[in-house]
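Asker: Protein chains in written order, with my numbering: chain A, 2 to 155; chain B, 1487 to 1578. By construction, the Cβ of each residue, glycine as well, lies at the ideal position given by its N, Cα and C atoms. This structure is a prediction, so every number in the text was calculated from the model and none was measured.
1) Using CA atoms only, rank isn't needed, just tell me which of B/1550, B/1525, B/1551, B/1513 is closest to residue 1500 of chain B.
2) What's the gap between the Cα of residue 99 of chain A and the Cα of residue 59 of chain A?
3) Per DSSP, what are the beta-bridge partners of residue 90 of chain A in this structure?
4) Can you give the Cα-Cα distance for residue 1574 of chain B and residue 1517 of chain B, rounded to whole angstroms?
5) Can you name, in chain order, every residue of its own chain whose Cβ lies under 7 Å from the Cβ of residue 2 of chain A, other than the five neighbours on each side?
6) Listing by chain order, which chain B residues have their CB less than 7 Å from the CB of residue 117 of chain A?
7) With residue 152 of chain A as the anchor, note down where its beta strand (DSSP E) starts and where it stops.
8) What are the start and end residues of the alpha helix (DSSP H) that includes residue 1546 of chain B?
9) Going by beta carbon distance, what residues of the same chain come within less than 7 Å of residue 155 of chain A, once the five residues before and after it are set aside?
10) For residue 47 of chain A, which of A/21, A/33, A/62, A/35 has the nearest alpha-carbon?
11) Determine whether the Cβ of residue 133 of chain A lies closer than 8 Å to any Cβ atom of chain B.
12) Drop a sphere of 10 angstroms on the beta-carbon of residue 53 of chain A, count the other beta-carbons inside from all chains shown, and report buried for 16 or more, exposed for fewer.
13) Looking only at its own chain, which residues have a Cβ that is under 7 Å from the Cβ of residue 108 of chain A, when we skip the five neighbours before and after it?
14) Using a Cβ-Cβ cutoff of less than 7 Å, which residues in the same chain neighbour residue 73 of chain A once the five nearest sequence positions on both sides are dropped?
15) Cutting at 7 Å between CB atoms, please list the residues of its own chain near residue 70 of chain A, excluding the five before and the five after it.
16) Could you check the C-alpha separation between residue 1572 of chain B and residue 1535 of chain B for me, to the nearest Å?
17) Per DSSP, residue 1 of chain A forms a beta bridge with which residues?
18) Distance cutoff 8 Å, beta carbons only. Does residue 29 of chain A sit that close to anything in chain B?
19) Buried or exposed: residue 1523 of chain B, going by 16 or more other Cβ atoms within 10 Å of its Cβ?
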């Protein structure tokens, strides 16, 4: 299994009123500035979000999982956006409806059908409202880093 | 051997999770399956070769002959078991 990069430099906080396009753009630009994704990644993410949105209505803390085709990515990584004020995203299976998203887990993937272990762990985290609440309540970036690492990189 | 097509927006992330869960569930139930992943855009061209289509995300790509199950619950965890059982019901 290939390694996937994640540390506190890949956690971004957002506050105030923002659109999902603004949040996604800033996260993509961050990944691009670190050399993790190519300059085509942002456009791929934004285009995909319009056609096949990535908001998940988990009936509590809600998560979006934007990702793009592997040819846009240099290095496998996860970028986490913590939204202090929820941001509306369209819902994956109901694209005409929106849901308030609290956490964005952006996936930069390099294998088309790989990363199975880490994807399963991310989905397990998405299904654990208590853990998600703890992440959102964390006072500092190290706590979030440790919580997420312990759940998906162990 | 039943053939299942699992489709999502890019065909790489959520379909990987859903395909894994379906394989595990079928193994538990003793049902032999092959599971293939694709993009939602590719579904109409491919679905005729399959016994069941499972999607995350809304499939609007046209009509397919095989039964279709939406599998968002396998991501959110809400009613996951019911969806897995519905999938199994088409494979027996």
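Answerer: Short version:
1) Counting from one through the second chain, the residue named residue 1500 of chain B turns up at place 14. When only C-alpha atoms are compared, the closest one is B/1525.
2) Working through the first chain from its first residue, we reach residue 99 of chain A at position 98. Working through the first chain from its first residue, we reach residue 59 of chain A at position 58. Their Cα atoms are separated by approximately 12 Å.
3) Residue mapping note: residue 90 of chain A aligns to position 89 of the first chain, counting from 1. In DSSP, residue 90 of chain A forms a bridge with A/100.
4) As a position in the second chain, residue 1574 of chain B is number 88, starting the count at 1. As a position in the second chain, residue 1517 of chain B is number 31, starting the count at 1. The straight-line gap from Cα to Cα measures roughly 8 Å.
5) To locate residue 2 of chain A, count along the first chain from 1; it is residue 1. A caution first: residue 2 of chain A carries a pLDDT of 46, below 50, which makes its placement in the model too unreliable to give a value.
6) Your numbering for residue 117 of chain A matches position 116 in the first chain. By Cβ distance, chain B contributes 1502, 1506.
7) Taking the first chain and counting its residues from 1, the one referred to as residue 152 of chain A is at position 151. Careful: residue 152 of chain A lies outside any beta strand (DSSP E), inside the alpha helix (DSSP H) at 142-153.
8) Along the second chain, one-based indexing puts residue 1546 of chain B at 60. No alpha helix (DSSP H) holds residue 1546 of chain B; DSSP gives it neither H nor E.
9) For the purposes of this step, residue 155 of chain A is taken as the residue at position 154 of the first chain. Shown here for residue 155 of chain A: not one same chain residue has a beta carbon closer than 7 Å to its own, the five before and five after excluded.
10) Sequence index remark: in the first chain, residue 47 of chain A carries index 46 (1-based). For residue 47 of chain A, the nearest C-alpha among the options comes from A/21.
11) The sequence position of residue 133 of chain A within the first chain is 132, counting from 1. Taking 8 Å as the threshold, the shortest C-beta distance from residue 133 of chain A to chain B does not fall below it.
12) The residue given as residue 53 of chain A occupies position 52 in the first chain. So residue 53 of chain A ends up on the buried side.
13) If you number the first chain from 1, residue 108 of chain A lands on position 107. Hits under 7 Å: 66, 68, 79.
14) For the purposes of this step, residue 73 of chain A is taken as the residue at position 72 of the first chain. Same-chain partners within the cutoff: 38, 39, 41, 42, 45.
15) By 1-based counting over the first chain, the position of residue 70 of chain A is 69. 45, listed in sequence order.
16) Against the second chain, residue 1572 of chain B aligns to sequence position 86. Against the second chain, residue 1535 of chain B aligns to sequence position 49. Approximately 20 Å between the Cα atoms of the pair.
17) This structure gives no information on residue 1 of chain A, because the portion of chain A shown stretches from 2 to 155.
18) In the first chain, the residue the question calls residue 29 of chain A occupies position 28. Not an interface residue.
19) The residue you call residue 1523 of chain B lines up with position 37 of the second chain. The residue in question, residue 1523 of chain B, is buried, as its Cβ has 16 or more Cβ neighbours within 10 Å.
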